[in-house]
Amino acid sequence: MKRKLFAVLVVVIFVLLFLWGISKAQTKYVPIPSSIYEHIEVIDGKILSVDRYIHPSGRQISQGIHIHVVTKDGTVENISLGPSIYVDKSITLKEGDIVKVSVFRVTYNGQKYSMGKDITKIGEGKTLKLRDDKGYPMWSGSRYRK
38 MKRKLFAVLV
48 VVIFVLLFLW
58 GISKAQTKYV
68 PIPSSIYEHI
78 EVIDGKILSV
88 DRYIHPSGRQ
98 ISQGIHIHVV
108 TKDGTVENIS
118 LGPSIYVDKS
128 ITLKEGDIVK
138 VSVFRVTYNG
148 QKYSMGKDIT
158 KIGEGKTLKL
168 RDDKGYPMWS
178 GSRYRK
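Position in the sequence shown (first residue = 1) + 37 = this note's numbering.
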């Protein structure tokens, strides 16, 4: 009897540790603060470069895509779009493309970022929605749409 109780207790502990480990391994999306939902800027310009990166945590399945866009006044904007597995399915971006990008301006850990809300290739008229009006990524869970 004591042996069975001990075995059950050991199994329960392993199951709880397993579930705790899974919960810690999952990353939760933290939405953009509501104070900037209405702070969306539109950037028009030419793509200088399309960069792919892997998050320093190494936990991402696909590469993230950043673009550098030069505006008419010569300002270079670094814009984070999203994971390549989402972006590459819907739009092909390359150096020299003329684009219009709606961005959220955010500050995270003291660094300023421009996070793409949607991007349109001017020559083709293709638009890819990246995030909704509250900053949630379109590739995340049930929000995934083309």
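Note that beta-carbon positions come from the ideal geometry of N, C-alpha and C, so glycine has one too. This one's a predicted model, so the numbers in the text were calculated from it and none came from an experiment.
Quiz item: Among all the DSSP beta bridges, which residues are the ones paired with R89?
Solution: I102
Exercise. Tell me whether F43 is buried or exposed, calling it buried when 16 or more other Cβ atoms sit within 10 Å of its Cβ.
Key: exposed
Quiz item: In the DSSP assignment, what residue or residues form a beta bridge with K158?
Solution: V136 and K163
Quiz prompt | Nearest to V140 (by Cα), restricted to the options I50, S127 and M152 | solution = M152
Self-check item: N- and C-terminal bounds of the alpha helix (DSSP H) containing S127
Solution: S121 to S127
Exercise. Check K83 in the structure and name its three-state DSSP category.
Key: strand
Exercise. With a cut-off of 8 Å on the beta carbons, I'd call I102 and R89 a contact; round off their distance for me.
Key: 6 Å
Exercise. Please determine, among N146, K171 and V138, the residue with the shortest C-alpha to C-alpha distance to I156.
Key: V138
Quiz prompt | CB of K83 within 8 Å of CB of V106, strictly | solution = yes
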